[in-house]
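Chemist:
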Amino acid sequence: MKLIKKVAILMSTYNGEKYISCQLDSVINQKNDSNFELTIYIRDDGSTDSTLKIIKEYARKYPRKIIYLNSKENLGPKKSFFHLMNCVDSDFYFFCDQDDYWLDNKVDSALIQLDSIKKIPALYYGSMIQADRNLKKLGVVNKKNYPENFVSSLNETLASGLTIAFNSSLMDIFREKYNKLSCNNIIMHDSWMYLLASAFGKVIFDSAPHVLYRQHSSNVVGTTGNNLFKKIFKIREIFNKFYKNGLFKKQANELLKNYGECLSKEKRNAINIFLSSNRQLKEVFWILKKIKIKNRLLAFLILISIFFKKY
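Quick note: our numbering has the sequence shown finishing at residue 395, numbered continuously throughout.
#1: Pull up the distance between the alpha-carbon of L94 and that of K227, whole angstroms please.
#2: Can you look up F250 in the DSSP assignment and give me helix, strand or coil?
#3: Could you name the residues of the same chain whose beta carbon sits closer than 6 angstroms to that of A194, not counting the 5 residues immediately before and after it, in chain order?
#4: Starting from the C-beta of V368, find all residues in its chain whose C-beta is less than 8 angstroms away, skip the five residues before and the five after it, and write them out in chain order.
#5: Starting from I288, trace the beta strand (DSSP E) in both directions and tell me its first and last residue.
#6: Once the 5 residues before and after W276 are set aside, which same chain residues still bring their CB inside 6 angstroms of it?
#7: Compare the Cα-Cα distances from L108 to each of L159, F120, K162, L187 and report the closest residue.
#8: Verify whether the separation of the beta carbon atoms of A283 and F326 is less than 8 angstroms.
#9: If the criterion is Cβ atoms closer than 8 angstroms, does the pair A336 and G210 meet it?
#10: Please list the terminal residues of the continuous alpha helix (DSSP H) segment that includes V91.
#11: Can you tell which of I124, Y185, I88 has its C-alpha closest to the C-alpha of I151?
#12: Taking the straight line between their C-alpha atoms, what separation do you get for Q363 and I316?
#13: Touching or not, the segment 130 to 139 and the segment 98 to 106, by the rule of three or more beta carbon pairs under 8 angstroms?
#14: Compute the beta-carbon to beta-carbon distance between R298 and L222, rounded to the nearest angstrom, for a pair I have assumed lies under 8 angstroms.
#15: Please name the residue, chosen from N329, A281, S110, that lies closest to D184 on a Cα-to-Cα basis.
#16: Grouping DSSP H, G and I as helix and E and B as strand, with all else coil, what is E345?
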């Protein structure tokens with residue numbers, strides 16, 4: 085008899101009354117060919133609309149599938165997800181946003197790949213279908229796989245949170261240092277887990293999309309479609325926010341500070357070179373050779389900044 089796998093869906097909500105019912109239905113109606121027991125854990129981050137009412141209605145309707153964690157404090161998405169991660173025990177974990185839509189094989193697809201890796205910390209992510217607010221499909225996003233390497237993970241988060249799933253071994257690594265983390269130095273919950281997986285385990289990419297990424301005016305993070313000028317503006321905005329202001333460096337330093345003794349010598353050296361403000365020329369070329377950034381324009385801006393020691 086196969087063991088039943090426990091699956092925790094972690095959802096943080098905030099003023100999501102327009103789309104949360106559709107999302108919850110898509111998660112509840114997942115196919116189950118992998119013999120799993122699915123539970124949705126929801127923490128509301130201080131909604132002022134009818135989101136909380138909807139959540140409680142679903143929790144009453146599906147008492148074995150939905151658990152509402154009562155909290156009125158507004159923490160922001162990063163700390164809200166961290167709170168969920170620290171208080172839920174399971175075999176596998178999925179990040180879930182309130183406004184997207186899961187295709188019915190999303191959980192099965194992730195479990196097939198994660199379950200093949202037993203005790204190694206592992207994170208799964210994949211491409212996604214961009215959709216408008218009415219879930220009209222607009223095209224596949226992030227459909228190409230990019231070579232994974234630790235130096236690149238210090239500079240870019242390839243995994244989008246709505247596609248991420250990971251195993252309990254990776255969660256154990258997160259929890260080991262959770263109470264010591266300076267959350268302000270971490271970009272986002274998905275970025276941190278991607279970095280931990282790159283540092284200590286395995287990252288798995290799935291080119292087949294299993295989620296509709298709904299685009300609307302209230303997205304915390306969004307894409308720009310096919311408009312060239314919007315894309316250029318977005319890349320410039322990303323560069324200024326995450327690279328020019330040093331957010332990725334702060335996150336790398338947080339990893340070194342908390343996990344330095346657990347990292348391999350090679351990875352500690354990589355972080356130290358990455359953080360250095362006075363790199364030798366051979367170190368500059370070493371980073372330039374190692375870094376693989378998905379967007380060409382962003383890659384160009386980063387590589388030029390590294391070459392002239394501005395980043």
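Where a beta carbon is used, it is the ideal one built from N, C-alpha and C, also for glycine.
Modeler: The relevant details are as follows:
#1: 24 angstroms
#2: strand
#3: Excluding sequence neighbours, A194 sits near Y208, A249.
#4: I390, F391, K393
#5: Judged by DSSP secondary structure, I288 falls within the beta strand (DSSP E) whose first and last residues are 286 to 290.
#6: Counting only residues of its own chain and dropping the five nearest sequence neighbours on each side, W276 has a CB closer than 6 angstroms to the CB of I270.
#7: Of the candidates L159, F120, K162, L187, the one whose C-alpha sits nearest the C-alpha of L108 is L187.
#8: No, they are not a contact pair.
#9: Between A336 and G210, the C-beta spacing is not below 8 angstroms.
#10: First-last for V91: 89 to 97, but that is the beta strand (DSSP E), not the alpha helix (DSSP H).
#11: Distances from the alpha-carbon of I151 to those of I124, Y185, I88 put I124 closest.
#12: According to the sequence shown, residue 363 is Arg rather than Gln. If you take the alpha carbons of R363 and I316, they lie about 29 angstroms apart.
#13: yes
#14: Not a contact, Cβ separation roughly 10 angstroms.
#15: S110
#16: coil
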